[in-house]
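Accompanying notes for the structure given below.
Residue numbers (our numbering): 7 to 154.
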(Lines of atoms letter the chains of each structure in order from A and count residues from 1; the text may use other names and numbers.)
(Lines give C-alpha, C1' and ligand atoms only; values in the text may rest on other atoms or scores of the structure.)
Protein backbone atom coordinates (compact mmCIF):
# COMPACT_ATOMS: atom_id res chain seq x y z
CA UNK A 1 0.00 0.00 0.00
CA UNK A 2 2.83 2.36 0.89
CA UNK A 3 4.50 1.63 -2.48
CA UNK A 4 1.45 2.97 -4.38
CA UNK A 5 1.18 6.18 -2.33
CA UNK A 6 3.47 8.29 -4.55
CA UNK A 7 1.43 7.28 -7.60
CA UNK A 8 -1.83 8.13 -5.86
CA UNK A 9 -0.38 11.46 -4.73
CA UNK A 10 0.89 12.16 -8.27
CA UNK A 11 -2.54 11.32 -9.71
CA UNK A 12 -4.26 13.66 -7.24
CA UNK A 13 -1.80 16.49 -8.01
CA UNK A 14 -2.22 16.03 -11.79
CA UNK A 15 -6.01 16.00 -11.46
CA UNK A 16 -5.88 19.18 -9.38
CA UNK A 17 -3.67 20.92 -11.94
CA UNK A 18 -5.94 19.83 -14.78
CA UNK A 19 -9.03 21.11 -12.98
CA UNK A 20 -7.33 24.38 -12.05
CA UNK A 21 -6.21 25.06 -15.63
CA UNK A 22 -8.72 27.26 -17.47
CA UNK A 23 -10.62 25.46 -20.19
CA UNK A 24 -9.88 26.37 -23.76
CA UNK A 25 -11.88 29.34 -24.97
CA UNK A 26 -15.05 28.07 -26.57
CA UNK A 27 -16.09 29.46 -29.91
CA UNK A 28 -18.98 31.90 -29.45
CA UNK A 29 -22.27 31.01 -31.13
CA UNK A 30 -23.42 33.78 -33.51
CA UNK A 31 -26.86 35.25 -32.78
CA UNK A 32 -28.50 38.08 -34.75
CA UNK A 33 -31.09 39.97 -32.73
CA UNK A 34 -33.48 42.88 -33.19
CA UNK A 35 -33.41 45.50 -30.46
CA UNK A 36 -36.38 47.82 -30.10
CA UNK A 37 -35.56 51.55 -30.03
CA UNK A 38 -38.18 52.16 -27.32
CA UNK A 39 -37.45 51.70 -23.62
CA UNK A 40 -38.43 48.02 -23.91
CA UNK A 41 -35.15 47.45 -25.82
CA UNK A 42 -33.02 48.85 -22.98
CA UNK A 43 -32.46 45.44 -21.36
CA UNK A 44 -30.99 44.10 -24.61
CA UNK A 45 -28.68 47.10 -25.01
CA UNK A 46 -27.49 46.77 -21.40
CA UNK A 47 -26.89 43.02 -21.82
CA UNK A 48 -24.89 43.65 -25.00
CA UNK A 49 -22.79 46.46 -23.54
CA UNK A 50 -22.12 44.62 -20.28
CA UNK A 51 -21.05 41.49 -22.15
CA UNK A 52 -23.77 39.26 -20.67
CA UNK A 53 -24.42 37.51 -23.98
CA UNK A 54 -20.70 36.78 -24.40
CA UNK A 55 -20.62 35.32 -20.89
CA UNK A 56 -23.30 32.89 -22.06
CA UNK A 57 -21.30 31.92 -25.15
CA UNK A 58 -23.12 34.12 -27.67
CA UNK A 59 -21.62 36.49 -30.22
CA UNK A 60 -24.48 38.96 -30.71
CA UNK A 61 -24.90 41.07 -33.81
CA UNK A 62 -27.74 43.53 -33.26
CA UNK A 63 -29.86 45.93 -35.24
CA UNK A 64 -32.25 48.55 -33.93
CA UNK A 65 -35.88 48.72 -35.00
CA UNK A 66 -38.56 51.24 -34.03
CA UNK A 67 -41.40 48.89 -35.00
CA UNK A 68 -41.83 45.21 -34.18
CA UNK A 69 -43.09 44.59 -37.71
CA UNK A 70 -39.77 45.84 -39.16
CA UNK A 71 -37.88 43.34 -37.01
CA UNK A 72 -40.39 40.66 -38.04
CA UNK A 73 -39.81 41.47 -41.72
CA UNK A 74 -36.03 41.30 -41.23
CA UNK A 75 -36.51 37.92 -39.58
CA UNK A 76 -38.63 36.72 -42.52
CA UNK A 77 -35.86 37.87 -44.87
CA UNK A 78 -33.36 35.75 -42.91
CA UNK A 79 -31.43 38.72 -41.51
CA UNK A 80 -32.30 37.99 -37.84
CA UNK A 81 -32.53 35.01 -35.53
CA UNK A 82 -34.46 36.68 -32.68
CA UNK A 83 -36.96 39.52 -32.65
CA UNK A 84 -38.85 41.01 -29.72
CA UNK A 85 -42.20 42.17 -31.02
CA UNK A 86 -45.77 42.77 -29.98
CA UNK A 87 -48.38 40.11 -30.53
CA UNK A 88 -49.91 41.68 -33.66
CA UNK A 89 -46.77 41.62 -35.86
CA UNK A 90 -46.12 38.09 -34.62
CA UNK A 91 -49.64 36.93 -35.50
CA UNK A 92 -49.49 38.69 -38.88
CA UNK A 93 -46.26 36.80 -39.57
CA UNK A 94 -47.93 33.49 -38.71
CA UNK A 95 -50.79 34.45 -41.01
CA UNK A 96 -48.22 35.02 -43.78
CA UNK A 97 -46.89 31.51 -43.19
CA UNK A 98 -43.69 32.41 -41.35
CA UNK A 99 -42.38 29.27 -39.62
CA UNK A 100 -41.26 30.85 -36.38
CA UNK A 101 -41.99 30.09 -32.73
CA UNK A 102 -42.94 32.35 -29.83
CA UNK A 103 -40.70 31.91 -26.80
CA UNK A 104 -42.62 34.33 -24.61
CA UNK A 105 -45.36 36.89 -24.99
CA UNK A 106 -45.18 40.15 -23.08
CA UNK A 107 -47.55 43.00 -23.85
CA UNK A 108 -46.64 46.42 -22.55
CA UNK A 109 -49.00 48.22 -24.92
CA UNK A 110 -51.23 49.85 -22.34
CA UNK A 111 -48.37 51.44 -20.46
CA UNK A 112 -46.28 52.62 -23.39
CA UNK A 113 -48.67 53.94 -26.05
CA UNK A 114 -50.44 57.27 -25.91
CA UNK A 115 -52.70 59.35 -28.09
CA UNK A 116 -51.28 62.85 -28.51
CA UNK A 117 -53.22 65.90 -29.75
CA UNK A 118 -52.50 69.61 -29.73
CA UNK A 119 -53.11 71.28 -26.39
CA UNK A 120 -55.63 73.58 -28.08
CA UNK A 121 -57.55 70.60 -29.54
CA UNK A 122 -61.12 69.89 -28.49
CA UNK A 123 -60.37 66.13 -28.47
CA UNK A 124 -60.27 64.80 -24.91
CA UNK A 125 -61.04 61.10 -25.37
CA UNK A 126 -60.48 58.21 -27.79
CA UNK A 127 -64.17 58.27 -28.74
CA UNK A 128 -63.78 61.78 -30.14
CA UNK A 129 -61.34 60.44 -32.76
CA UNK A 130 -64.14 58.56 -34.57
CA UNK A 131 -64.39 59.88 -38.13
CA UNK A 132 -61.05 61.75 -37.86
CA UNK A 133 -57.81 60.99 -39.68
CA UNK A 134 -55.33 59.30 -37.38
CA UNK A 135 -51.67 58.67 -38.22
CA UNK A 136 -50.19 55.40 -36.97
CA UNK A 137 -47.79 52.71 -38.09
CA UNK A 138 -49.42 49.97 -40.22
CA UNK A 139 -49.17 46.33 -39.25
CA UNK A 140 -48.68 47.08 -35.56
CA UNK A 141 -50.66 46.50 -32.38
CA UNK A 142 -51.52 50.22 -32.43
CA UNK A 143 -53.25 49.82 -35.79
CA UNK A 144 -55.04 46.73 -34.52
CA UNK A 145 -56.40 48.59 -31.49
CA UNK A 146 -57.73 51.42 -33.68
CA UNK A 147 -59.32 49.04 -36.18
CA UNK A 148 -61.12 46.87 -33.61
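Every residue, glycine too, gets a C-beta built ideally from N, C-alpha and C. From a predicted model like this one, the values you see are computed outputs, not experimental measurements.
Residues near residue i in its chain [Cβ-Cβ closer than 8 Å; skip 5 each side]
{"i": "residue 59", "result": "37, 53, 65, 66"}
{"i": "residue 123", "result": "129"}
{"i": "residue 47", "result": "41, 70, 90"}
Three-state secondary structure (DSSP) of residue i
{"i": "residue 141", "result": "coil"}
{"i": "residue 48", "result": "helix"}
{"i": "residue 40", "result": "strand"}
{"i": "residue 153", "result": "helix"}
{"i": "residue 59", "result": "helix"}
{"i": "residue 100", "result": "helix"}
{"i": "residue 83", "result": "coil"}
Cβ-Cβ separation, residue j to residue i (assumed contact under 8 Å), whole Å
{"i": "residue 77", "j": "residue 40", "result": "3 Å"}
{"i": "residue 71", "j": "residue 43", "result": "7 Å"}
{"i": "residue 82", "j": "residue 104", "result": "5 Å"}
Check: residue i C-beta below 8 Å from any heavy atom of the ligand FAD
{"i": "residue 48", "result": "Among the components of this structure there are no ligands whatsoever, and the ligand FAD is therefore not found."}
Reference residue i, options the options, closest by Cα
{"i": "residue 137", "options": "129, 143, 45", "result": "129"}
{"i": "residue 34", "options": "56, 50, 63, 43", "result": "63"}
{"i": "residue 153", "options": "94, 105, 131", "result": "94"}
{"i": "residue 109", "options": "32, 48, 90, 61", "result": "90"}
{"i": "residue 32", "options": "45, 57, 61", "result": "61"}
Close Cβ partners of residue i (< 6 Å) along its chain, the five nearest in sequence each way excluded
{"i": "residue 87", "result": "37, 38"}
{"i": "residue 50", "result": "41"}
Which residues DSSP lists as bridging residue i, in chain order
{"i": "residue 65", "result": "36"}
{"i": "residue 88", "result": "39"}
{"i": "residue 70", "result": "41"}
Close Cβ partners of residue i (< 7 Å) along its chain, the five nearest in sequence each way excluded
{"i": "residue 149", "result": "142, 143"}
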